[in-house]
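Worksheet: the structure to be examined is printed underneath.
Number of protein chains: 2
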Amino acid sequence: MFIAMNRFKVKLGSEAEFERIWRERDSHLATVPGFVSFDLLKGAEKEDHVLYASHSLWRTKADFEAWTRSEAFRAAHRDAGASKVQYLGPPQFEGFESVLSQTAG
Amino acid sequence: MFIAMNRFKVKLGSEAEFERIWRERDSHLATVPGFVSFDLLKGAEKEDHVLYASHSLWRTKADFEAWTRSEAFRAAHRDAGASKVQYLGPPQFEGFESVLSQTAG
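Protein chains in written order, with my numbering: chain S, 1 to 105; chain E, 106 to 210.
What follows is the structure, given as C-alpha cells:
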C-alpha cells in the first residue's frame with residue numbers, strides 16, 4: 001500500500017473556504033486504477049494556521065505515479081491556485097510505503 | 106475517522122532494527138474498541154535519516170484517547186526506548202480528523 005499526503009498550512013480564517021474547495025472539486029478519482037480511498041484531514045490548530053493534509057491510499061506507488069501523469073490528474077487540479085485561500089508557504093508532499101500492516105481482528 | 110501518526114527520523118543504518126522492533130512488538134491493538142487499522146509507513150530517505158511514521162486509524166478521536174489511557178497502551182509501549190535505534194530528535198505526534206472522505210467506486 002502507498003499513501004500520498006500533501007500538507008497545507010492554511011491561515012486562520014481561510015479554513016471554511018479551503019474545505020469548501022475540496023468538497024466541491026470533481027476529483028475524477030473514483031475510477032482511477034489502483035485508487036483505494038481519499039480523505040481530507042484536519043490536524044492541529046496553531047497560532048497562525050491550521051494544518052490540513054490530503055491523504056490518499058493507492059494499491060501501489062506505481063498506480064499513484066501513473067495517476068499524476070494522467071488527464072484525470074490534470075482535470076482535478078485545473079482550478080488549483082485560483083482560490084482566495086491564504087496559506088503559510090507552499091504545500092509539502094510526502095509519499096509513504098507501508099512496511100507493516102494490521103487490521104482490527 | 107481519526108488518524109494518529111507518530112513521525113520518526115531514523116538515522117541511516119538503523120532502519121532494519123527500527124522495522125524489526127515494530128514487526129516483533131505485541132501491539133495488543135487488535136481487540137481495542139474503535140481500532141480500525143495500523144500501518145508502519147516508510148517515507149523519504151534524506152541525507153542523514155529516513156522518515157518513518159506509525160499510522161493508525163480509529164473510529165473516533167475518543168476511541169484513540171481512551172486507548173492511550175489503557176493498560177493495553179502501556180503494555181505496547183513497555184519496551185520503547187530500550188532499543189539501539191538511533192534517531193534525529195524525538196518522535197513527533199500528529200492527530201488528524203477526516204473532514205471529507207471518498208472511496209473507490
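Where is the CB? At the ideal position from N, CA and C, for every residue including glycine.
### Three or more C-beta pairs below 8 angstroms linking the segment 67 to 87 of chain S and the segment 111 to 121 of chain E
no
### Message
To the nearest angstrom, how far is the alpha carbon of VAL99/S from that of GLY13/S?
### Response
The residue labelled residue 99/S in the question sits at position 99 within the first sequence. The residue labelled residue 13/S in the question sits at position 13 within the first sequence. The alpha-carbon atoms of VAL99/S and GLY13/S are separated by roughly 38 angstroms.
### Task
Determine which residues of the segment 75 to 103 of chain S have a Cβ less than 9 angstroms from any Cβ of chain E, and write them out in chain order.
GLU94, GLY95, PHE96, GLU97, SER98, VAL99, LEU100, SER101, GLN102 and THR103
### Message
Less than 8 angstroms between the C-beta atoms of ASP63/S and MET106/E, yes or no?
### Response
Taking the first residue of the first sequence as position 1, residue 63/S is located at position 63. Taking the first residue of the second sequence as position 1, residue 106/E is located at position 1. In this structure, MET106/E does not lie closer than 8 angstroms to ASP63/S by Cβ.
### Task
Output yes if chain E places a C-beta closer than 8 angstroms to the C-beta of THR31/S; else output no.
Numbered from 1 along the first sequence, position 31 holds the residue referred to as residue 31/S. Yes, contact with chain E.
### Query
LYS42/S: buried (16+ other C-beta within 10 angstroms of its C-beta) or exposed?
Along the first sequence, one-based indexing puts residue 42/S at 42. Buried, since its Cβ has 16 or more Cβ neighbours within 10 Å.
### Task
Could you tell me whether the Cβ atoms of SER54/S and SER37/S are closer together than 8 angstroms?
On the first sequence, position 54 is the one that residue 54/S refers to. On the first sequence, position 37 is the one that residue 37/S refers to. Against a cut-off of 8 angstroms, the Cβ pair of SER37/S and SER54/S comes out as no contact.
### Query
Does the beta-carbon distance from ALA149/E to GLU94/S come in below 8 angstroms?
Residue mapping note: residue 149/E aligns to position 44 of the second sequence, counting from 1. Residue mapping note: residue 94/S aligns to position 94 of the first sequence, counting from 1. A contact, by the Cβ cut-off of 8 angstroms.
### Query
Just curious, the alpha helix (DSSP H) that ALA181/E is in, first and last residue?
Residue numbering aside, residue 181/E sits at position 76 when the second sequence is read from its first letter. That run of the alpha helix (DSSP H) goes 176 to 181.
### Task
Check each residue of the segment 141 to 155 of chain E: if its Cβ is closer than 9 angstroms to any Cβ of chain S, include it; give the result in chain order.
VAL141, SER142, PHE143, ASP144, LEU145, LEU146, LYS147, GLY148 and ALA149
### Under 9 angstroms by beta carbon: chain S residues contacting GLU124/E
By 1-based counting over the second sequence, the position of residue 124/E is 19. The answer, in chain order, is VAL99 and LEU100.
### Message
Give me the chain S residues within the contact set of SER132/E, using Cβ-Cβ distance strictly less than 8 angstroms, ordered along the chain.
### Response
Working through the second sequence from its first residue, we reach residue 132/E at position 27. Near SER132/E (Cβ distances below 8 angstroms), the residues of chain S are GLN102.
### Query
In or out: HIS154/E buried (at least 16 other Cβ within 10 Å) or exposed?
Counting from one through the second sequence, the residue named residue 154/E turns up at place 49. Buried, because 16 or more other Cβ atoms sit within 10 Å of the Cβ of HIS154/E.
### Query
So which residues on chain E does TRP67/S lean against when the C-beta distance must stay under 8 angstroms?
Indexing the first sequence from 1 puts residue 67/S at position 67. Under the 8 angstroms cutoff, chain E gives no residues; its nearest Cβ is about 12 angstroms from TRP67/S.
### Task
Measuring only between beta-carbons, confirm whether ALA121/E sits less than 8 angstroms from chain S.
Here residue 121/E refers to the residue found at position 16 of the second sequence. Not closer than 8 angstroms to any Cβ of chain S, the Cβ of ALA121/E fails to qualify, so no.
### Task
Kindly indicate which three-state DSSP category ALA104/S falls into: helix, strand or coil?
Indexing the first sequence from 1 puts residue 104/S at position 104. Three-state result, ALA104/S: coil.
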